[in-house]
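Note sheet for the following structure.
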Amino acid sequence: MSRVDHVTLDETLRQALTQGLAATELWSLLLSVLEQRAAQRTPAMVRQQWESDRFVQPCAVNQRILNELDSHLLAAAADFEALELSPLAPLASCSSVALTSQNRIVSTARGTEVVSDPTNVLALECAKRLREAPGATIKLTTSHRCVRAQAIPKRPGFAAHFRMFCLASAAHERKDHGFTTEALIDHIRTHIAALDRLEQHGYRFPDRTLRLLCTPERLHLATRIAEAIPEMPATLAPLEHKYYDGLRFMLDAGTPDGNAIPLIDGGAFDWLRKLTDNQRMVYIASGMGSQLAALLFRRVAQIA
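The sequence shown begins at -17 in this note's numbering and counts up by one.
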């Protein structure tokens, strides 16, 4: 078979897989292929993958430390309802609403994907609850192990899977963008309270800085947020990342080697408007790299 024939066959097969088959037929086909692949694997092959595959390596942090860390973070977010999420989410939970590639996410053969960002999953839950109670204000939190398929930054503490502490708030917008600003202030204060609480239990987060990034149209909102948090002076800067809906905040802390890293990141997103087809919906989400906090900012002896 010539190279042209191979290319034509590849294109025909790709079209059949991506468009020609119903979703249930495709999942059944993929499951059958994986079953046959698994039958060909030996224990030695499985062991070799366990020792070399970055996606399956155990976490570098003692599990007891992470459990203790989670308890302090969830206590700091007592005003938020805590959810234990499934490890899986619907396929395209991220890429259907946000500027991200599905190639960055571990997709499964059953029409699902491994959770890469809990804030996208919390947006789905918020959309469901607001459909049931349109006038409600939703406040959710979770601590979740995420898996991401993109290249890992060559920096200490970064891994293909990691624990992340998240907050999410959702409601209809109020006059003068009242919900947007109040929710962002609430998130920032909750994360600050979480850091303060951790510092009472063996952690240290020196040289904290708050950055507020915004589009020109939302500068007045960023200024309002900064004025509401006088205990942590904020720097304002232009927002150039279209992933966010006009407003973003970043909370940095100094590491032992003298560098500052963005430990906490959050902002406004348009995901809820897309999920509900309602332009009055507001979604605020934020996350802390809690596993990174345990690796870089813990100052007491390792728990056995």
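Every residue gets a Cβ at the ideal spot worked out from N, C-alpha and C, and that includes glycine.
- T163 and R206 do touch by the CB rule: their CB atoms are close to 5 Å apart, below 8 Å.
- Distance from the CA atom of E213 to the CA atom of I167, rounded to whole angstroms, is 12 Å.
- The three-state reading of DSSP puts I211 in coil, since its state is none of H, G, I, E or B.
- With 16 or more other CB atoms across the displayed protein chains lying within 10 angstroms of its CB, A165 is buried.
- In this structure, the alpha-carbon of T(-6) lies about 17 Å from that of A5.
- Secondary structure at S10: helix, using DSSP grouped into helix, strand and coil.
- Under a 10 Å Cβ-count criterion, L274 is classified as buried, with 16 or more other Cβ atoms of the shown protein chains found around its own Cβ.
- Here the alpha carbon of D178 sits roughly 27 Å from the alpha carbon of S98.
- G269 has its alpha-carbon roughly 21 Å from the corresponding atom of R46.
- In the DSSP assignment, L218 falls within the beta strand (DSSP E) that extends over 216 to 220.
- Residue environment: E95 is assigned as buried (16 or more neighbouring CB atoms within 10 Å of its CB, all protein chains considered).
- The DSSP-derived three-state label of F140 is coil.
- Y225 counts as exposed, since fewer than 16 other C-beta atoms from the protein chains shown sit within 10 angstroms of its C-beta.
- DSSP places S125 in the strand class (E or B) of the three-state scheme.
- Boundaries of the alpha helix (DSSP H) harbouring L177: 160 to 181, taken from the DSSP string.
- One alpha carbon belongs to G228, the other to A175, and they sit about 25 Å apart.
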